[in-house]
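Here is the structure we will look at, set down as structure tokens.
Numbering (our numbering), first residue to last: 317 to 382.
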């Protein structure tokens, strides 16, 4: 996501650090929020859930519709 211009929300310096609240204490769920300078106030959300040997990734990107 960073390669395409998205900026991780909640991260200051250094850029390699993780934002506060990125890891849930319940079940090991990981949540990262990104914004893009060309998308106004919209943000993309990545939710990652470990399931056994797999890591399930769900991305949500608002489309402007209801």
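Yeah, the Cβ is synthetic: ideal placement off N, Cα and C, and Gly gets one too.
Consult DSSP for residue 353 and reduce its assignment to one of helix, strand or coil.
helix
Quick one: what does DSSP say residue 376 is sitting in, helix, strand or coil?
strand
What do you reckon, are the CB atoms on residue 365 and residue 345 nearer than 8 Å?
yes
Cβ-Cβ distance between residue 349 and residue 326 below 8 Å:
yes
Just how far apart, CA to CA, sit residue 363 and residue 323?
16 Å
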